Amino acid sequence: MLWKRIATAVVLAPIALALIWFGPAWAVGAIIALVLLLAAEEWVRLSALTETSWHATFTAVSAALLIAAFGLDKGSLIVDATLLLGCAWWVFAAGWLKAYPAIFRDGRVSPATAAASGWLMFIPAYLAVMLLHGHPGYSGPLHVLLLLALVWAADTGAYFAGHRFGRRKLAPSISPGKTWEGFVGGFVAAGLIAVLTGLFLLPTGAWGLPGFVLVCLVAVAFSVVGDLSISMFKRQANVKDTGQLLPGHGGILDRLDSLFAAAPVLALGLRWLGA
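In this text, residue positions in the sequence shown follow UniProt numbering: the first is 1, and each later residue adds one.
Pasting the structure below:
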């Protein structure tokens, strides 16, 4: 119901914003890790990991990887490599979208594939947010807020443009409501956020404003892949939501799917630009 969606947003949004803006790095890292472990539980139910041994292994390894990621020097090559691996996985996921439903043998992907997919979703995204938040001073929180604003602007722009102009389906077998017109509307809205941010709030790096905006728009394109990928798994599992943790919104994966894909692209792109 709409009132549940609004109530959940009214409660959680100020808490999230306060954490991002005022929270020390250890608190931000710990709370995001906890959120990702809850998302991992949703992934278990959504994919092929419900067997007890796979469930336990996936959860334990996820926790260990998050702890290891928290302790990494954010300037190390391991961080760059992990972010790049995460970006590559989302390119691979885009191929899955094109091949749907043929990729699901016997109804689901194999447990090993599901586990690897989960780790490649969660760990690069975690490192990306920590890297963005680690910029000095208020620049750190602003980088994280940029990530959120890009994805939310794209979602909002896509919704209104799709409802007003939508004709051509973007992925009819996965998410029939999404259209190419909505995709363009989302790009325009996110592009405006990127331009305003680059002009007034954050340094743009080596390529100036055009390079900064380009990185932001590539991240938005990946966010669409993230959204459609979780939608694909939900459709295959015949479920509407990934969970009921957030009243009116569904599960954590329902809310953060786009961010999982956009975060490593934005963090890596801005890192390479020096922005």
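From the three backbone atoms N, C-alpha and C, an ideal C-beta is built for every residue, glycine too. A quick note: this is a predicted structure, and the numbers were derived from the prediction, not measured.
Run through the DSSP bridge pairs and tell me what residue i is partnered with.
i           : result
residue 171 : 175
residue 290 : The requested residue 290 does not occur in the structure, where the chain is confined to residues 1 to 275.
Enumerate in chain order the residues of its own chain whose CB-to-CB distance from residue i is below 6 Å, with the five nearest sequence positions on each side excluded.
i           : result
residue 204 : 198, 212 and 275
residue 176 : none
residue 276 : This structure cannot speak to residue 276, because the chain is shown only from 1 to 275.
residue 94  : 225
Suppose you measure from the CA of residue i to the CA of residue j; what does that come to, to the nearest Å?
i           : j           : result
residue 37  : residue 208 : 37 Å
residue 103 : residue 23  : 42 Å
residue 61  : residue 125 : 16 Å
residue 54  : residue 231 : 23 Å
residue 120 : residue 28  : 20 Å
residue 260 : residue 223 : 7 Å
residue 166 : residue 14  : 33 Å
residue 109 : residue 237 : 11 Å
residue 80  : residue 245 : 32 Å
residue 206 : residue 31  : 33 Å
residue 256 : residue 227 : 8 Å
residue 43  : residue 239 : 12 Å
How close, in whole Å, do the beta carbons of residue i and residue j come, if the pair is a contact with beta carbons under 8 Å?
i           : j           : result
residue 154 : residue 115 : Rounded, the Cβ-Cβ distance is 29 Å, inconsistent with contact.
residue 194 : residue 217 : 7 Å
residue 225 : residue 186 : Residue 225 to residue 186, Cβ: 13 Å. No contact.
residue 69  : residue 123 : 6 Å
residue 183 : residue 158 : 6 Å
residue 49  : residue 136 : Their Cβ separation, rounded to whole angstroms, is 39 Å, which puts residue 49 and residue 136 out of contact at 8 Å.
Determine whether the beta carbon atoms of residue i and residue j lie at a separation below 9 Å.
i           : j           : result
residue 142 : residue 215 : no
residue 289 : residue 151 : Outside the modelled stretch of the chain, which goes from 1 to 275, sits residue 289, for which no answer is possible.
residue 173 : residue 117 : no
residue 252 : residue 10  : no
residue 67  : residue 33  : yes
Residues in the same chain with beta-carbon distance under 8 Å from residue i, minus the five sequence neighbours each way, listed in chain order, please.
i           : result
residue 144 : 20, 129, 132 and 133
residue 140 : 132, 133 and 134
Got a sec? Which residues, its chain only, sit under 7 Å from residue i by beta carbon, not counting five neighbours each side?
i           : result
residue 264 : 83, 86, 87, 124, 125 and 128
residue 63  : 37
Determine, for residue i, whether the minimum Cβ-Cβ distance to residues of chain D falls below 9 Å.
i           : result
residue 160 : Here there is only one protein chain, and chain D is not present.
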